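Trainee:
Chains as they are written, first to last, in the numbering used here: chain S, 1 to 562; chain B, 563 to 752.
So this is what it looks like as structure tokens:
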């Protein structure tokens, strides 16, 4: 049975989530190539340097918030239904979808208003050139903040559908272990609930009333701290779904099975515990925060390496097992015998490989004192284009080649394009990101439309500045081509007629070491949530207390339009 | 719970690596003394900075000599310039002296980064960033606002000019002299 025939209602939800995600990906990628060509000076005819920041805001919000959240909602909906073998509570799931979509439209309209001359809507200029981080006191139209809040509230409601499905399943299966995919989804959602509290408080309690003029001032450091409380865990909200794919689907695509179910559960629990109390590592160079709290965040961040290093082992071991099942041998020559011509497989593998490189540059970011050299330079986008822009985005695209046929019942079209697409993305990212990292070492800042200054010139440490710019432009262009190739395959597949038999199915083989070997305590969500909250209180309690000691809104700043 | 032998070895190596990272960073801050930007700068009203009535040196930002070899540089960052620092008023400090930068914002969040050095801090309204450094090599260093601060953010640069101590003292004398001359002139006019 194909997934769409077994669970037609759930499939329709997944399809809707994916379509919104793909539209956001297309617009976000277009904004991306405009930026790459503009700031490198290759072609500057699209926008003025002042409007560049509107494009940059759109790129960040559409890709890092809309594309990710909708794709993850779709993937999780499929994973829960598939592993619990039941339809998801569709009323809850649909209301989540519509709330998220409303939020997306509000945010997108307020951003695009900036290009359309910022007309005055409801007494406020319709613009939101505040970038993905929207640091106060720079002010956007209230619709931007309301939209962002709705996207997050919608994702919370989506999580309620997964939990309800688990409780219904539990009534029928009182003694069984939670299936691995559902376990991963719920652990990720618990982490997401805990970490989004920060941004929800920032937006609902401070920024919305402040942008509407109901309160005069907000404390820029306090709101910034609440943002970063959420701002790093959100990275794991992007990453853990990629891990779900790498752990549970990739081994099957390689012809094998997962190495160890218990260790996969340990890894996800570690993410739940450690994801949130690390946000201060984005604030190493902030004034007003004692260095001791920065040190605590640094140690927590470093220990977050552990689940990722374990994942590297388990995923590679599982894929190697798959290759050997298919008759491969030798220490490394088994790598040759993997299905590199299957885009779902090659995309996930290349994404994982890039993530290893991104992990290393992330270590530099996390290193409290080495961070001074690269903080807010273009090294940072170089880093997160490897993690979010490849580990997550390429995995999402790759697994769509495998998932979309199952949720539509249609065979994948444009196979030739699909086979090459992950490689185009990989090469584009390698070219762009390595140049960004090197440019960062030369001190070239991120988030700027024209990285040259009247007062001085940058000098490359390795390579010239001109060569780095060219590589960023070429890489950015290749990434745009890669996104278009993906969208053509998806559009053609989604619009095609049903017919023929699918070559893929949603069955997941049993792991080599199954759930029976994992201690039951791993399924004790109450315990892990309590420990996670305790760690957050230790990391955030005293510094937040000292920030609000002088008043919640002081030292305050009135809104400043951009 | 079964843990494969290879997994155990890998786990041990991973933990060793992590502890090693933490140890090198701890050594960097305690042993080598790479200080962090922290809360030592204190707080200030951003509106008072904007209006120039804080009652501190931020009302007349510039380089202040605190002692024989210690200089404090007060910098106000605002859309879209550093005062001093931007345009034809570079921050001038002598080579080899201890320099403390005290930086604050008059409006939105800015960045204050001296290119290819460890001087790199956020400038947040209401807070004073304090960073100390010593420039041993004379020369011109680029100064960049690295946090998006509005539509002309990309024009917000500047420079730090590090001059040999002898030259610096001479320039200071000239400045003092011309100030004295100007004062003398004014008195003569009266």
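Glycine included, every Cβ here is placed at the ideal spot set by N, Cα and C. No experiment lies behind these values; they were computed from the predicted model shown.
1. Assuming residue 155 of chain S contacts residue 100 of chain S (C-beta within less than 8 Å), just tell me the rounded distance between them.
2. Where residue 573 of chain B and residue 310 of chain S are concerned, what is the direct C-alpha to C-alpha distance, given to the nearest angstrom?
3. Let me make sure I understand the geometry here. Which of B:605, B:598, B:594, B:570 has the alpha-carbon closest to that of residue 563 of chain S?
4. Anything in chain S within Cβ reach of residue 569 of chain B, meaning under 9 Å, just list it in chain order.
5. In the DSSP output, which residue or residues are listed as bridge partners for residue 663 of chain B?
6. May I ask which residues mark the beginning and end of the alpha helix (DSSP H) holding residue 638 of chain S?
7. Alpha carbons only, please: which of S:540, S:91, S:510 is nearest the one belonging to residue 262 of chain S?
8. Taking Cβ-Cβ distances below 7 Å as the criterion, which residues of the segment 291-305 of chain S are in contact with chain B?
9. Determine the burial state of residue 501 of chain S: buried for a count of at least 16 other Cβ atoms within 10 Å of its Cβ, exposed for fewer.
10. Just to confirm before moving on: does the CB-CB distance between residue 281 of chain S and residue 368 of chain S stay below 9 Å?
11. Contact between the segment 674-690 of chain B and the segment 369-383 of chain S is defined here as three or more beta-carbon pairs at a separation below 8 Å; is this criterion met?
12. Any idea if residue 400 of chain S is buried or exposed, counting beta-carbon neighbours within 10 angstroms, 16 or more meaning buried?
13. Is it right to say residue 217 of chain S is buried, meaning 16 or more other beta carbons lie within 10 angstroms of its own, or is it exposed?
14. Say whether chain S places a C-beta atom closer than 9 Å to the C-beta of residue 566 of chain B.
15. Using a Cβ-Cβ cut-off of less than 8 Å, list which residues of the segment 688-706 of chain B approach chain S; keep chain order.
16. Do you know how far the Cα of residue 13 of chain S is from the Cα of residue 423 of chain S?
17. Taking Cβ to Cβ, would you say residue 355 of chain S is nearer than 9 Å to residue 304 of chain S?
18. Starting from the Cα of residue 166 of chain S, find the closest Cα among S:187, S:146, S:151 and give me that residue.
19. I'd like the list of long-range same chain contacts for residue 202 of chain S, defined as Cβ closer than 6 Å, with 5 residues on each side in sequence excluded.
20. Beta-carbon separation of residue 58 of chain S and residue 121 of chain S under 9 Å?
21. How about residue 358 of chain S and residue 279 of chain S: are their beta carbons less than 9 Å apart?
22. Along the alpha helix (DSSP H) that carries residue 163 of chain S, what are the first and last residues, could you check?
23. On the DSSP bridge assignment, give the partners of residue 626 of chain B in chain order.
24. Under 8 Å by Cβ, that's how I've got residue 555 of chain S and residue 608 of chain B pegged, so tell me the actual separation to the nearest angstrom.
25. Taking only beta-carbon atoms, is residue 7 of chain S less than 9 Å away from chain B?
26. Output, in sequence order along the chain, the residues in the segment 26-51 of chain S whose CB is closer than 8 Å to any CB in chain B.
27. Just the chain S side, please: which residues come within less than 7 Å of residue 596 of chain B by C-beta, in chain order?
28. Determine, for residue 224 of chain S, whether the minimum Cβ-Cβ distance to residues of chain B falls below 9 Å.
29. So, for residue 30 of chain S: in the same chain, excluding its five sequence neighbours on each side, which residues have a beta-carbon less than 8 Å away from its beta-carbon?
30. Pull out every residue of the segment 429-457 of chain S whose Cβ sits closer than 9 Å to any Cβ of chain B, in chain order.
31. Just to confirm the assignment: which complete alpha helix (DSSP H) runs, minimum length 4, are found wholly within the segment 204-272 of chain S?
32. Does DSSP classify residue 607 of chain B as helix, strand or coil?
33. If we cut at 9 Å on Cβ distances, does residue 289 of chain S have a partner in chain B?
34. Given residue 34 of chain S, which residues of its chain have a CB within under 6 Å of its CB, disregarding the five upstream and five downstream residues?
Mentor: With the given structure in hand:
1. Yes, residue 155 of chain S and residue 100 of chain S are in contact; Cβ-Cβ is about 6 Å, under 8 Å.
2. 7 Å
3. With chain S running from 1 to 562 in the structure shown, residue 563 of chain S is simply not present.
4. 259, 260, 263, 310, 313, 314, 317
5. B:635, B:693
6. Nothing in the structure corresponds to residue 638 of chain S, since chain S is present only between 1 and 562.
7. S:510
8. 291, 294, 298, 299, 302, 303, 305
9. exposed
10. Contact: yes.
11. yes
12. buried
13. buried
14. Put simply, the CB of residue 566 of chain B is near chain S, with a gap under 9 Å to one of its CB atoms.
15. 688, 689, 690, 691, 692, 702, 703, 704, 705, 706
16. Residue 423 of chain S and residue 13 of chain S: Cα-Cα distance of roughly 30 Å.
17. no
18. S:187
19. 223, 226, 227
20. no
21. It is not a contact, given that the beta carbons lie outside the stated cut-off.
22. 142-172
23. B:634
24. 7 Å
25. no
26. 49, 50
27. 369
28. Yes, contact with chain B.
29. For residue 30 of chain S, where only same-chain residues beyond five positions count, the Cβ hits under 8 Å are 480.
30. 441, 442, 443, 444, 445, 446, 447, 448, 449, 450, 451, 452, 453, 454, 455, 456, 457
31. 208-211, 220-231, 233-248, 250-253
32. coil
33. yes
34. Within the same chain, residue 34 of chain S has close Cβ partners 46, 55.
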